[in-house]
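S.K.:
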Amino acid sequence: MNQNHKAGNTDFDVIVVGGGTNGLSAGCYLGMEGKKVLVLEALDKVGGMASSGYLIPEAPQHLVHPCALDMMSMRVHSHVPAELGLERHGFKSVELAPGYVYLHPDGQSLIFWRDREKTAAEIRRFSSKDAEAFLEFMKVIDMFLDIALPMMRVDPAKTNLGVKLKMLGTAIKHKALKPELMALMTGSALQAARERFEHPVTISAMCALTGLAGDISADGGGIYYALLGFLHRFGVGRVLGGMQQLSNAMQARLEELGGQVLVSASVSEIVAKDGRIKGVKLADGRQFMARAVIAGCHPKPALDMVTRGEIPQHLLTRIAMAPANGKGSGPLKVDLALRGQISVPRFAAIRGDGVDLRKTVMLIGTEEAVLENFAACARGEVPKLPYITVAAPSAADPSQAPAGQDVLYIYPPVMPVNPNEGWDALRERVADQVQEQLYDYIEGIEGQVIGRHIEAAPDFTARLNTVNGCVVHIDTTSMRSSTMRPAYGLGGDTLPVAGLYFGSAGIHPGGGVNGMAGRLAAKRVSKYLSKKGN
1 MNQNHKAGNT DFDVIVVGGG TNGLSAGCYL GMEGKKVLVL EALDKVGGMA
51 SSGYLIPEAP QHLVHPCALD MMSMRVHSHV PAELGLERHG FKSVELAPGY
101 VYLHPDGQSL IFWRDREKTA AEIRRFSSKD AEAFLEFMKV IDMFLDIALP
151 MMRVDPAKTN LGVKLKMLGT AIKHKALKPE LMALMTGSAL QAARERFEHP
201 VTISAMCALT GLAGDISADG GGIYYALLGF LHRFGVGRVL GGMQQLSNAM
251 QARLEELGGQ VLVSASVSEI VAKDGRIKGV KLADGRQFMA RAVIAGCHPK
301 PALDMVTRGE IPQHLLTRIA MAPANGKGSG PLKVDLALRG QISVPRFAAI
351 RGDGVDLRKT VMLIGTEEAV LENFAACARG EVPKLPYITV AAPSAADPSQ
401 APAGQDVLYI YPPVMPVNPN EGWDALRERV ADQVQEQLYD YIEGIEGQVI
451 GRHIEAAPDF TARLNTVNGC VVHIDTTSMR SSTMRPAYGL GGDTLPVAGL
501 YFGSAGIHPG GGVNGMAGRL AAKRVSKYLS KKGN
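Written out as structure tokens, the structure reads:
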């Protein structure tokens, strides 16, 4: 039913604003309960951050992922695709082995295997002390995950007594690790690395990995090591055929359940009256009625769309000040279509073990570079040292580029959101800089580029209706989690307008392609609709 509005069909139980994976997830879960659901997506296809397409005119057979690529988060919450039966609708994924590799400027490399003992063996090539420290550190990270994961899978607004008792049991069982856990949760990611490790390759690898989540020097950033825990516990996956296949499978499941999806349908107003949801109004004048609305977009534009006067001003202020790339840094995205295939012979020769690094996610950036990148962005400057995440999706899935060619996914995670010179003046120049920085690490790029696709923070903001180009909507910090996400008074199971719910990365459990925020929103809406009078 991917169609324009059918005449007369304007009344729904629930309308979802935003057809990303969370919006589609919410729609599917409500559809499974027999609810009449309409999903409205402003773009010409579903997916949002979880999309892919042929976006380079000069290379119409090179598949581009303009935002998300990996499936670590969905593997953490693997019950979502299983519960929705997405495999029946074409969703297939494979695990990358290995998942991540750190490339040091001197030609050394450190693979983050899913097997922690194999990762420790990698570290042992540089320092036996670091290898043992790593295995001890993983015990602390395991404890953190054992406490955090159960809460990530439930509604934080509920009592969750059973989950809390389980968490308490975990804390008691590992009470000797409590001081280390508290140091990790209150300190910075950089502090945790420097406390434990001595070799520059080990420290740099940890900084390059955790910098993907946020400022490694910020207090509370120790929780970014959850990435390391997820990597070892769940592995890294890729969607076969590109990320769009996941979003398309969710749309197909929703339509199978009787739900409707309208694309190119921009919402101009979430209509409310006397503190209660009435429906939505589109930019083209069409109106749809519903008993509940789920905002699958960033919480700020969602509240801004609600009928003027229905949301108290102090809450509008609170969400406007919620940090979204609040430290002034956010990712740049450059995709390259190549005439040939990439290789990393310098690193492969030093390793000498035959591991195919082409299929991994490559992390480039020393401790000094990661710190320089965050500091430069805070000044509104473009960083000078390379801190880049890069992958060749076509290496793991050859269907994503013509035979013998590659598409390259380049993701410098720390670039200025609002550079002093402005992105319009910088976009091509910075893309050139990043591309050239890769020449020292990867062969097969220089002189082999057919075309490229570039997006900086303003492009993410415009295309995805987010704030400051923040791909996780609200920055990941201990103060923006659970019912405090996106802000105090807005992270519970009710909002000031009855029938209005958030259902995006801006609420619990946060960012990542996993559909969990949509699942949570669906449960909240289901409870609301079951009450008499709703």
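Position 315 (the sequence shown) corresponds to 315 in UniProt numbering; numbering is contiguous. For glycine and all other residues, C-beta sits at the position ideal for the given N, C-alpha and C. A quick note: this is a predicted structure, and the numbers were derived from the prediction, not measured.
Going by DSSP, name the residue or residues bridged to Tyr411.
M.R.: In the DSSP output, where bridge partners are listed per residue, Tyr411 has Thr389.
S.K.: With C-beta atoms as the reference, is Gly241 less than 9 Å away from Leu96?
M.R.: Result no, Cβ atoms of Gly241 and Leu96 do not sit closer than 9 Å.
S.K.: Based on Cα-Cα distance, which residue from Gly222, Val306, Met289 and Ala369 lies nearest to Leu385?
M.R.: Ranking the options by Cα distance to Leu385, first place goes to Ala369.
S.K.: What separation, rounded to the nearest whole angstrom, lies between the Cα atoms of Pro323 and Pro299?
M.R.: Going by the C-alpha atoms only, they are around 12 Å apart.
S.K.: Do Leu38 and Leu262 have their CB atoms nearer than 9 Å?
M.R.: It is a contact, given that the beta carbons lie within the stated cut-off.
S.K.: Quick check: the Cα distance between Asp432 and Gly365, rounded to an integer number of angstroms?
M.R.: C-alpha separation (whole angstroms): 18 Å.
S.K.: So what's Ile260 in DSSP terms, helix, strand or just coil?
M.R.: The question names Ile, but residue 260 is Gln in the sequence shown. DSSP places Gln260 in strand when its eight states are reduced to three.
S.K.: When you compare only the Cα positions, how much space is there between Arg339 and Lys359?
M.R.: For Arg339 and Lys359, the distance between alpha carbons rounds to 18 Å.
S.K.: From which residue to which residue does the beta strand (DSSP E) around Ala337 run?
M.R.: Taken as a continuous stretch (DSSP letters only), the beta strand (DSSP E) holding Ala337 covers Lys333 to Leu338.
S.K.: If you check the beta carbons only, do Val417 and Gly328 fall under 9 Å apart?
M.R.: The answer is yes: Cβ separation under 9 Å.
S.K.: What three-state label does DSSP hand Phe230 in the structure shown?
M.R.: Helix at Phe230.
S.K.: Opposite Val449 in the DSSP bridges: which residues?
M.R.: Paired residue(s): Leu338.
S.K.: In chain order, what residues of the same chain lie with their CB nearer than 8 Å to the CB of Lys273, ignoring the 5 residues before and after it?
M.R.: Contacts found: Thr307 and Glu310.
S.K.: Leaving out five residues before and five after Gln437 in sequence, what residues of the same chain have Cβ atoms less than 7 Å from its Cβ?
M.R.: Closer than 7 Å at the Cβ level, and outside the excluded window around Gln437, lie Pro386 and Ile388.
S.K.: Just the Cα atoms here: how many angstroms apart are Ile507 and Gly352?
M.R.: Whole-angstrom Cα-Cα distance: 45 Å.
S.K.: Any idea what DSSP makes of Lys523, helix, strand or coil?
M.R.: Looking at Lys523 - three-state DSSP - the assignment turns out to be helix.
S.K.: For Ala131, which of Glu269, Ser478, Ile111 and Asp219 has the nearest alpha-carbon?
M.R.: Here the closest residue by C-alpha is Ile111.
S.K.: How many angstroms separate the CA atom of Asp106 from the CA atom of Lys118?
M.R.: Those two C-alpha atoms are separated by around 22 Å.
S.K.: If I follow the unbroken alpha helix (DSSP H) through Ala82, where does it start and stop?
M.R.: Note, Ala82: alpha helix (DSSP H), His79 to Leu84.
S.K.: What does DSSP give as the partner residue(s) for Glu269 in the beta ladder?
M.R.: Partner(s): Lys281.
S.K.: Less than 8 Å between the CB atoms is what I'm expecting for Val163 and Pro179, so what's the real figure, rounded?
M.R.: No, Val163 and Pro179 are not in contact; Cβ-Cβ is about 24 Å, not under 8 Å.
S.K.: What are the boundary residues of the beta strand (DSSP E) that includes Arg291?
M.R.: Arg291 -> beta strand (DSSP E) spans Gln287 to Ala295.
S.K.: Compare the Cα-Cα distances from Arg196 to each of Gly222, His89 and Lys175 and report the closest residue.
M.R.: Checked all of Gly222, His89 and Lys175; the closest Cα to Arg196 is Gly222.
S.K.: Given this structure, state the Cα-to-Cα distance separating Leu457 from Leu332, to the nearest angstrom.
M.R.: As written in the sequence, residue 457 is Ala, which differs from the Leu given in the question. Distance between the alpha carbons of Ala457 and Leu332 is about 7 Å.
S.K.: Using three-state DSSP, classify Asp130 as helix, strand or coil.
M.R.: Three-state result, Asp130: helix.
S.K.: Just mark His89 as buried or exposed, buried being the case when its beta carbon has 16 or more other beta carbons within 10 Å.
M.R.: Flag for His89 reads buried.
S.K.: May I ask which residues mark the beginning and end of the alpha helix (DSSP H) holding Glu367?
M.R.: Here the alpha helix (DSSP H) through Glu367 covers Glu367 to Ala378.
S.K.: Among residues of its own chain, excluding the 5 on either side of Leu135, which ones have a beta-carbon nearer than 6 Å to its beta-carbon?
M.R.: Ala120.
S.K.: Looking at the unbroken beta strand (DSSP E) that takes in Ile507, where does it start and where does it end?
M.R.: Neither: Ile507 is in no beta strand (DSSP E) and is coded neither H nor E.
S.K.: Please tell me whether Asn468 and Gly285 are closer than 9 Å, where the distance is taken between their beta carbons.
M.R.: No, these two residues do not count as a Cβ contact at 9 Å.
S.K.: Counting along the chain, where does the beta strand (DSSP E) carrying Val201 start and finish?
M.R.: Element bounds for Val201: not the beta strand (DSSP E) but the alpha helix (DSSP H), Pro200 to Thr210.
S.K.: Which same chain residues end up closer than 8 Å to Phe126 when comparing Cβ atoms and leaving out the 5 residues on each side of it in sequence?
M.R.: If we look at Phe126 and ignore the five residues flanking it on each side, its Cβ neighbours are Gln108, Leu110, His199, Val201 and Thr202.
S.K.: Counting C-beta neighbours from all protein chains within 10 Å, is the total for Arg379 16 or more, i.e. buried, or is it exposed?
M.R.: Classification of Arg379: exposed, given that the 10 Å Cβ count is below 16.
S.K.: Would DSSP call Asp13 helix, strand or coil?
M.R.: Reduced to three states, the DSSP call for Asp13 is strand.
S.K.: Can you check whether the CB of Ala50 is closer than 9 Å to the CB of Met305?
M.R.: In this structure, Ala50 does not lie closer than 9 Å to Met305 by Cβ.
S.K.: Count the other C-beta atoms from every protein chain shown that fall within 10 angstroms of the C-beta of Gln341, then say buried if there are 16 or more, exposed otherwise.
M.R.: Answer is buried; the Cβ neighbour count reaches 16.
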